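Participant:
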Amino acid sequence: MPDESEKHVEKESQGNIILVTEGPLIPKPWSKRLITAWSISLCGAIFTLMFLCWMWPEPYLDVLTFLPDGILVTFEVTALAICCAVPMGLITGLGRISRNSFINLTASTYVEIIRGIPLLVQIFYIYYALSKFLQVSSLTSAVVAISFCYGAYMGEVFRAGIMAIPRGQTEAARSLGFNRFQTMFYVILPQAWRTILPPVGNECIAMLKDTSLVSVMAMPDLMQRGRSFAAKTYLYFETYTIVALVYLIITLLLSKCVAIMESRLNYYDRRK
């Protein structure tokens, strides 16, 4: 009985598709329709945000003007975590398909442990539990926790994307004199990237949403700024409505960026 990851690989090898379980839906880059689920969601969120701020500037506009600093912190944590998580995911994915039993076992153990512990628990562990031995800032704790968590998930994405490439590509490269390193980085990964990009982009967007968990460390991110405003004014409904709309708009715009990148990548591949 194949496990879930093997089922994913089987579907990828048939249709070059990696199933995504978290994050927003990536808009289809080839869709030409004006009215789509993405456009309805984005326009609805923007219209609702503008309507609330126009009709009731107090407190909705006050909440919105209180959040920009938190948005910058959210993007900072997300950007740093992506810079760490993507390389970790690549290394983990390569380790998962390595013929070296020690490397394979190490990468697999890392994936099993990290995926079995909730991200919030990892944040608490790094920031509070490890502070007994090592003092780290809230920013460092947040980036390390998110990077380790999503590095494991991205490792499975990279592994599945690499395994989706036909074996004949490897055999052809080796017959031309390429070693295993050259085959992987010059032949396999460039082809796998088209398959890997959408789920990696999806994970990055999910990463941005999960930065809301770092508010437990009193980091002044978007969620923490909203909590601070609500704690001072007791306007919980109004505050979290604006916070939710801001998160929704950001994730929808980022999902469109991923779709555009995928479309450009497919365009260049067709031209080749």
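Per full-length UniProt numbering, the sequence shown runs over residues 1 to 272.
Here a beta-carbon is modelled for each residue, glycine too, at the ideal position from N, C-alpha and C.
These numbers come from a predicted model, not from an experiment.
Is residue 101 buried or exposed, if buried means 16 or more other CB atoms sit within 10 Å of its CB?
Facilitator: exposed
Participant: Straight-line CA distance for residue 55 to residue 66?
Facilitator: 18 Å
Participant: Quick one: measure Cβ to Cβ for residue 42 and residue 249, integer angstroms, because I've assumed they're closer than 8 Å.
Facilitator: 7 Å
Participant: Using CA atoms only, rank isn't needed, just tell me which of 205, 241, 254 is closest to residue 49.
Facilitator: 241
Participant: Below 8 Å on the Cβ atoms is my guess for residue 78 versus residue 253; work out the distance and round it to an integer in Å.
Facilitator: Residue 78 to residue 253, Cβ: 13 Å. No contact.
Participant: To the nearest angstrom, report how far apart residue 57 and residue 232 are at their CA atoms.
Facilitator: 17 Å
Participant: Report the rounded CA-to-CA distance for residue 133 versus residue 244, giving the unit in angstroms.
Facilitator: Going from the Cα of residue 133 to the Cα of residue 244 covers about 37 Å.
Participant: Would residue 215 be called buried (16 or more neighbouring beta carbons within 10 Å of its own) or exposed?
Facilitator: buried
Participant: Any chance you could list the alpha helix (DSSP H) runs of at least 4 consecutive residues sitting entirely within the segment 109-179, in chain order?
Facilitator: 119-124, 138-163, 167-175
Participant: In the structure shown, what three-state DSSP assignment does residue 205 receive?
Facilitator: helix
Participant: Among the candidates 71, 94, 108, 121, whose CA atom is the shortest distance from the CA of residue 161?
Facilitator: 94
Participant: Using the Cα positions of residue 260 and residue 246, report the straight-line distance between them to the nearest angstrom.
Facilitator: 21 Å
Participant: So what does DSSP say about residue 21, is it helix, strand or coil?
Facilitator: With a pLDDT of only 49 at residue 21, under the threshold of 50, the placement of this residue in the model should not be trusted; the figure read from the coordinates follows. Annotated three-state conformation of residue 21 is coil, per DSSP.
Participant: Is DSSP giving residue 264 helix, strand or coil here?
Facilitator: helix
Participant: Within 10 angstroms of the Cβ of residue 69, are there 16 or more other Cβ atoms? Answer buried if so, exposed if not.
Facilitator: exposed
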